[in-house]
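The next block holds one structure in the form of structure tokens; read it before the comments.
Number of protein chains: 2
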Amino acid sequence: MPTIHDLDTPSILIDAARAEANIARAQAHANKNGLKLRPHIKTHKLPYWAKKQVAAGAVGITCQKIGEAEVMADAGLADIFLPYNILGRAKLERLLALHRRVTLSVTADSLETLEGLAATFTDAGHRLPVLVECDTGMGRCGVQTAGEAVALARRIDKAGGLAFGGLMTYPAVGRAAEAEAWLADARQALAASGLACERISSGGTPDMWRSSDASVVTEYRPGTYIYLDRYQVAKGVGTLDDCALTVLSTVVSHPTPTRAILDAGSKALSSDTLGLADFGELLGVSGARVTGLSEEHGTVTLSGDGKLRIGERVRVVPDHCCVVTNLFNEVNLIDGDKVLETLPVAARGRTG
Amino acid sequence: MPTIHDLDTPSILIDAARAEANIARAQAHANKNGLKLRPHIKTHKLPYWAKKQVAAGAVGITCQKIGEAEVMADAGLADIFLPYNILGRAKLERLLALHRRVTLSVTADSLETLEGLAATFTDAGHRLPVLVECDTGMGRCGVQTAGEAVALARRIDKAGGLAFGGLMTYPAVGRAAEAEAWLADARQALAASGLACERISSGGTPDMWRSSDASVVTEYRPGTYIYLDRYQVAKGVGTLDDCALTVLSTVVSHPTPTRAILDAGSKALSSDTLGLADFGELLGVSGARVTGLSEEHGTVTLSGDGKLRIGERVRVVPDHCCVVTNLFNEVNLIDGDKVLETLPVAARGRTG
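Protein chains in written order, with the UniProt record's numbering: chain A, 1 to 352; chain B, 1 to 352.
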């Protein structure tokens, strides 16, 4: 069996046992709180893990792009939620084809999106569930008021081939209570209009752990929880020892006593820090942070006792693991130093 | 012939005439200043453009990864410079294989890197030129003093299968004069040691235009000049009308009068701003900037007269075009609205 010493650098390592433990922990939390889990596959982009998540008890998966959903459907995933406004004939045709082979649901936050869906999905015997996306504080997509949510829900309800599927939000991190109040109001407004709202879907790994069975949320879409990263550790979701994804890298230069250069730059670690200081940290090298990136170079500043030598291999915990996954063609599942399996990142680069 | 209206979004559009004009302009500048041009293919990652660059007069190309060089060698590019410390048996073996089929040169900035090269390249009849990388102010790789440069050059000169190839730097942007002085000193120190330094290679698109025939630099490795981007425009290299690469995107949501959401997020535009405010700007939409990104959403703030409507397609000029190229599997060469050709990004994702 190959070991990580046989791998080229930079490479992604996934500690399989840690990922499995992270899956189990989230599923147990969801079960305890009567919450349906619908993991977002953006983090791993692998049928391998999507299947494990469903086997552990998830009701289905979440994809953000039709291309990702197609990969997952091809791999046998049967229940897919696509919380995105799908617009344009080409994408709508692909969505219709998906609807014919998996249990599909989508979202909309405007009449324009609904018109396209209503014109494409016309089979009253096989309606497409459409949830209304709500902006509960994130400031991204979503209707701004409960009144708008009701108006769109009515429009969905009237469309021959669509079914009102509930409410969906991606809450601002740390503002779950605000989202909760928003959604409760909207549910009440829907009820007053005679529309039942059986599914309320929320997302974001950090706030999942705050949800309880008193919540109006019925379904949760965590993504990062499977691998975790520096951002999640900063949010208190776990420790560095829970992080399943690391980037194996080689020290290629050591120009000054406090500066070393890795062969992992922004093309391997990404420039997405999610607001953290630094771009990553080195496991087992005290005080070693990636303080600068160019495309093929990671600048490590040594501010503690840790030492590095040229040619040495190190493992970097990135700030945001989801975007790292999208930069590599394959990942290596490991157990200690053993490489269990090398998997192509099947849903990588599905931009459309 | 297909048009851009037939393309899925997000997609990369390359205005072919602009790219050709950018190639011609840089080559003319290099010719006028007696400078050899050796374009960095990281920006386009396409044999198509590498061949055009060589046809226009470039002496060869620059690649940052062996995987990129292999793609280019396969496509027939014959002279490749790899300004990177290559370490480890697997990469050294691949480097040796490359040396047997193209005119190759590399760099080193440490004895450790040189030991590996010297042990791998042993054919005195077919020496590998090794340039010494110098840190002339960038604070990345490179020897710190002229004395160190001389010591490494001597070591190269003594190795049976290596040849001292000169000096290489990637200067800090805007500090070309400092780099120039550093390199002049080092060249003098080499001469005092009896080592001729016939090749001095520098890089970076913005400062290329400041180089003149009075420079000690003999070769230049610009990358971004072929496409240009918001960063280069900010540096005065060209105008938005010179930018060849744009990201075609669809407005998928318009939750408030001043906020619209694109289907191009960090997976399409990247989070790499190179220090600019905002992540991109929309062509032809006055006051429309991409002010926020998540993976699949780009948040546009409308601060001027420009209006957008849901379903509309827009073209975004990104901050840093090189990293955008690496996020897409293919690019579309266009002439106005016509799609001339769709090319796979052959050297995309070559991390190793």
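Ideal Cβ placement from N, Cα and C applies to all residues, glycine included.
On a predicted model such as this, the values are computed, not experimentally measured, just so you know.
Could you tell me how far apart the beta carbons of residue i and residue j are, in whole angstroms, since I believe they sit closer than 8 Å?
i      : j      : result
A/D337 : A/T3   : 5 Å
B/T107 : B/L77  : 19 Å between Cβ atoms; not a contact.
A/R221 : A/R38  : 5 Å
A/S266 : A/S294 : 7 Å
A/S253 : B/S110 : 6 Å
B/G311 : A/E112 : 6 Å
B/V331 : B/L7   : Not really, about 11 Å apart at Cβ, beyond 8 Å.
B/P171 : B/G137 : 6 Å
A/P255 : B/D135 : 6 Å
A/D207 : A/G236 : The pair is not a contact, with the Cβ atoms about 11 Å apart (cut-off 8 Å).
A/C281 : A/R199 : Sequence check: residue 281 of chain A is Glu here, not Cys. No, A/E281 and A/R199 are not in contact; Cβ-Cβ is about 39 Å, not under 8 Å.
With a threshold of 6 Å on Cβ separation, who are the neighbours of residue i within its own chain once the five nearest residues in sequence on each side are excluded?
i                      : result
B/V323                 : S270, D272
B/K32                  : none
A/L104                 : I80, L98
A/V59                  : K36, R38
residue 354 of chain A : Residue 354 of chain A is absent from the model: chain A starts at 1 and stops at 352.
A/D123                 : G161
A/A176                 : D207, R210
B/V102                 : A73, A78, I80
From this set, the options, which residue's C-alpha is nearest residue i's C-alpha?
i                      : options                        : result
A/C197                 : A/K32, A/D185, A/G265          : A/D185
B/G160                 : B/A55, B/D278, B/L114          : B/L114
A/S193                 : A/R155, A/P171, A/W182, A/L228 : A/R155
A/D15                  : A/V317, A/E296, A/P83, A/N329  : A/V317
A/I86                  : A/A69, A/L37, A/A244           : A/A69
A/F279                 : A/V247, A/H254, A/T258         : A/V247
A/G166                 : A/R175, A/H126, A/V216, A/R309 : A/V216
A/G204                 : A/A214, A/A191, A/I226, A/H126 : A/I226
A/C321                 : A/G236, A/Q232, A/E296, A/D207 : A/Q232
B/P83                  : B/M208, B/L128, B/R100         : B/L128
B/V150                 : B/Q188, B/A17, B/L35           : B/Q188
A/C63                  : A/G88, A/R89, A/L340, A/L95    : A/L95
A/R18                  : A/L276, A/E330, A/T224         : A/T224
A/L308                 : A/P344, A/G292, A/V251, A/H297 : A/V251
A/A214                 : A/P10, A/A30, A/S11, A/V102    : A/A30
A/S249                 : A/N326, A/T299, A/G88, A/E93   : A/T299
B/E148                 : B/E133, B/E296, B/A176         : B/E133
B/A191                 : B/P257, B/A153, B/I334         : B/A153
B/A268                 : B/M168, B/A277, B/N326         : B/N326
B/E296                 : A/R140, A/E219, A/A179         : A/R140
A/G88                  : B/R100, B/E93, B/H5            : B/H5
residue 353 of chain A : A/E219, A/F328, A/L13, A/L274  : Nothing in the structure corresponds to residue 353 of chain A, since chain A is present only between 1 and 352.
Who pairs with residue i in a beta bridge, going by DSSP?
i      : result
B/K338 : B/T3, B/D335
A/C134 : A/V143, A/T169
B/A124 : Answer is none; B/A124 lacks a bridge partner.
B/E281 : B/R289, B/V317
A/V40  : Looking at the sequence itself, residue 40 of chain A is His, so the reference to Val does not match. Answer is A/T62.
A/E93  : Its beta-bridge partners do not exist; DSSP assigns none.
B/G306 : DSSP, once it has assigned bridges, lists no residue as partnering B/G306.
A/F164 : A/V130
A/A108 : A/V132
B/T299 : B/I261, B/G292
B/D15  : B/I334
A/I80  : A/I61, A/L104
A/Y220 : A/L37, A/S202
Got a sec? Which residues, its chain only, sit under 8 Å from residue i by beta carbon, not counting five neighbours each side?
i      : result
B/D352 : This sequence places Gly at residue 352 of chain B; Asp is not what is there. Excluding sequence neighbours, B/G352 sits near K65, I66, G67, K91.
A/I61  : R38, P39, H40, I41, A50, Q53, V54, M72, L77, D79, I80, F81
B/A163 : R127, L128, P129, V130, I156, D157
B/W209 : H29, V237
B/L283 : L240, T246, V314, R315, V316, V317
A/T9   : L248, S249, T250, D263, A264, R313
B/T342 : E330, V331, N332, L333
Here's a check: name, in chain order, each residue in its chain whose Cβ is nearer than 7 Å to the Cβ of residue i, leaving out the five neighbours to either side.
i      : result
B/G238 : L228, Q232
B/A56  : I23, A24, Q27
A/T301 : T258, R259, R289, T291
B/A179 : T136, G137, T169, P171, S202
Is residue i near the ligand MG, judged by its Cβ being under 7 Å from some heavy atom?
i     : result
A/V59 : This structure does not include the ligand MG; it has no bound ligands of any sort.
Just checking, does the segment 17-25 of chain B make contact with the segment 41-48 of chain A on the three C-beta pairs under 8 Å criterion? no
Counting pairs of Cβ atoms below 8 Å between the segment 112-126 of chain B and the segment 137-147 of chain B, do you hit three or more? no
Cβ pair count under 8 Å reaching 3, the segment 286-294 of chain B against the segment 333-352 of chain B: no
State whether the segment 253-271 of chain A contacts the segment 230-242 of chain A, with contact taken as three or more CB pairs (one from each stretch) at a distance under 8 Å. no
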